[in-house]
Every structure is written in C-alpha cells, then in structure tokens.
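Asker: Dropping the structure in here first, questions after.
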C-alpha cells in the first residue's frame, strides 16, 4: 500500500512501500508530486463509490444484452446484407438502445472468423468504402440453433418469474 506523508497528505513511493508489493529498501522514500496525490485520491474515491453500488440498471441490461447480441446481429444480417452503422440503427430502432458501433465491431470480427458471416466492401458515394456483412450457410444454421435455444431459455425464465404457475 502506498504510504502517506502526514504533513502534506501526499502518497509516498519508495522501494519499501511499493504499491504492488514490498521490495528491498535501497533508498529514501520520495514524496509524489501534488498532482499525483489529487489523481490518486480521486481514483480511490471513484473505486470506492463504484464498489458500493455493484449493479446498476444499465449495467444489468448491458450484461443481458451481451449474451444475445451475436444472435441479434446474425438475425439482422440474415434479413439483408448490412454494414455496421446500419446494423446499430436497426437494433436501436427495435429497442436495443444500449448497442453502439463500438460494441458490435469486435463481435462482427469474431462471427467472421468463425465462418458465420462474410465481409465485403462496397463503394460509398459519401466517403470511404463500407464493409458489408452477409450471412453464410453455417451462420444461418447457427442462427436457427440459437433461436431454438433462446425460445427454450425465455420460456423457462418466464416460468420461473411467474412462480412456476400457468400463464393463463
């Protein structure tokens, strides 16, 4: 743990007081610059604040979405070949407002590496070529499997949430 100079309330860093574990002392401790102290204090405060509230509604929704976003992307691409921004817009129009371009591109790359989709470039009138994605046969088969699994899962979750009773 970083020590603190009682006069200045600034962290002390030195060989015997290393943040990531003790090492043999080979010299005197040095005071950190004041800006480091302010940064360290603010980061410490943020970490403690976040730790008090580990689950927030947006984070919870985001975690639920992570498990099904691959399936949603395949379904969008199965409708028609699309490029990234277009997919985000379609997903957001259908109620998945937490989806952003930054969240889908790594997934699209993974789906492409897995051979479920294929990417190709098309010239754009308003800028650089756009990378479109189309579904492959294996992707269409995987989408069918995931859809059946999703139907089973949501049915089971509904039953649990309804207390195991009939939905009538």
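In the working numbering, the protein residues as written are -4 to 163.
Where a beta carbon is used, it is the ideal one built from N, C-alpha and C, also for glycine.
A quick note: this is a predicted structure, and the numbers were derived from the prediction, not measured.
Bridge partners of residue 127, per DSSP?
Answerer: As a position in the chain shown, residue 127 is number 132, starting the count at 1. For residue 127, which the question treats as bridged, DSSP gives the partners 78 and 115.
Asker: Per DSSP, what kind of secondary structure is residue 134 in: helix, strand or coil?
Answerer: The residue labelled residue 134 in the question sits at position 139 within the chain shown. In the structure shown, residue 134 sits in a helix (DSSP, three-state: H, G or I).
Asker: Can you tell me whether residue 147 is buried or exposed? The criterion is at least 16 other CB atoms within 10 Å of its CB, across all chains shown.
Answerer: Here residue 147 refers to the residue found at position 152 of the chain shown. Answer is exposed; the Cβ neighbour count stays below 16.
Asker: Who does residue 151 pair with in a DSSP beta bridge?
Answerer: On the chain shown, position 156 is the one that residue 151 refers to. Per DSSP, none; premise fails for residue 151.
Asker: Checking contacts by CB at 8 angstroms: is residue 106 closer than that to chain C?
Answerer: No chain C appears in this structure, which consists of one protein chain only.
Asker: Kindly indicate which three-state DSSP category residue 62 falls into: helix, strand or coil?
Answerer: Sequence index remark: in the chain shown, residue 62 carries index 67 (1-based). Three-state result, residue 62: coil.
Asker: Per the contact definition of three or more C-beta pairs closer than 8 angstroms, is the region 109 to 121 in contact with the region 131 to 140?
Answerer: These segments touch.
Asker: Measuring straight from C-alpha to C-alpha, what distance separates residue 151 and residue 125?
Answerer: Within the chain shown, numbered from 1, the residue matching residue 151 stands at position 156. Within the chain shown, numbered from 1, the residue matching residue 125 stands at position 130. Spanning the two alpha carbons is a distance of roughly 40 angstroms.
Asker: Would you grab the beta carbon distance between residue 56 and residue 93 for me? Rounded to a whole angstrom, and I think it's under 8 angstroms.
Answerer: Walking along the chain shown from the start, residue 56 turns up at place 61. Walking along the chain shown from the start, residue 93 turns up at place 98. Yes, residue 56 and residue 93 are in contact; Cβ-Cβ is about 6 angstroms, under 8 angstroms.
Asker: The alpha helix (DSSP H) that contains residue 89, what's its start and end?
Answerer: The residue given as residue 89 occupies position 94 in the chain shown. Note, residue 89: premise wrong, no alpha helix (DSSP H); not H, not E.
Asker: Taking Cβ to Cβ, would you say residue 68 is nearer than 8 angstroms to residue 103?
Answerer: Here residue 68 is taken as the residue at index 73 of the chain shown, counted from 1. Here residue 103 is taken as the residue at index 108 of the chain shown, counted from 1. Contact flag set, yes.
Asker: Which residues bound the alpha helix (DSSP H) around residue 159?
Answerer: Here residue 159 refers to the residue found at position 164 of the chain shown. First-last for residue 159: undefined, no H or E at that position.
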